[in-house]
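For the sequence shown, the UniProt record's numbering assigns the number 1 to the initial residue and increments by one for each residue that follows.
Quick reminder that beta carbons are idealized off the backbone N, C-alpha and C, glycines included.
Here the structure is a predicted model, which is why all the values come from computation and not from measurement.
The structure appears below as structure tokens.
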Amino acid sequence: MCSTADKPALHTVVVYCGSSLGNNEAFVKAAQADKPALHTVVVYCGSSLGNNEAFVKAAQELGKSLLKRNISLIYGGGSWGIMGVIAKTVHEGGGNVQGIVPKFFLERDPESTLIGDTITVEDMHARKKMFCEKADAFIALPGGIGTLEEIVEMICWARLKLHTKPVGILNTLNYYGGILEWYQNALKVGFLNPCDANLFEVSDNCEQLIDALESRLTVLANST
């Protein structure tokens, strides 16, 4: 048997291929085979349902998109609000769901229904740290103060280069319109730098948002 200890390895490959798609989807799939893909996404979202059915539908659609792409869901745990909607959608569809719950939540609500696998952590800081470690990307659905704080923190950490993971906002019914206007104003008046303009992706379409996040993975892979 030959030893592979000093086996030469490929680092760069030139690929020759067509400038058209051909007439068979298999050709496209072959070209996409090595495209970086998301495996695990942390979704931040509300523990209430909001007052518009569109928010519930958005959570369901995002859950179905994750299932379609075999992407595991990590979320805040529990079955409340649209957190519960997306977790149930993925879990009942046969996908992987993992909730990360600070123990004080369970102490306050010991009868809470848990969905999928649940990890109990000491506090909110431990949960945030685990979210960041486990995620390939972060997505915010509509939610309240906690949702806003968590997604803004991931954008801030990206700005500080504490992580390079894609961040996305699912802007259902322009829910985040006011925050996005504030962000543009902060760029305009100089509290953010021009290079901060593209720290995250925004879309009201689940599939387009995930595509955009995976495109960022491709850019990152090609830059390393």
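Cβ contact annotation for Asp196 (same chain, cutoff 7 Å, sequence separation greater than five): Arg159, Leu187, in chain order.
Met154 and Ile169 have their alpha carbons spaced roughly 11 Å apart. Taking C-beta atoms under 8 Å as the contact rule, Tyr75 and Gly94 fail to qualify, at a distance of about 17 Å. Its Cα nearest to that of Gly144, the residue Ile82 stands out among Glu201, Ile82, Pro36. Of the candidates Val219, Ile210, Ser215, Arg216, the residue whose Cα lies closest to the Cα of Ser72 is Ile210. Assignment of Ala54 by DSSP, reduced to helix, strand and coil, places it in the helix class.
The beta carbon of Val42 sits closer than 6 Å to the beta carbons of Ile74, Phe131, Ala135, Phe138 from its chain, once the five residues preceding and following it are set aside; these are given in chain order. C-alpha of Glu201 to C-alpha of Leu106: approximately 33 Å in a straight line. DSSP places Glu133 inside the alpha helix (DSSP H), whose first and last residues are 124-134. Between the C-alpha atoms of Ile151 and Thr172 there is a straight-line separation of about 15 Å. Sequence-distant partners of Asp117 (beyond 5 residues in either direction) whose C-beta falls short of 6 Å from its own C-beta, in its chain, are Gln98. Pro102 and Asn96 have their C-alpha atoms spaced approximately 20 Å apart.
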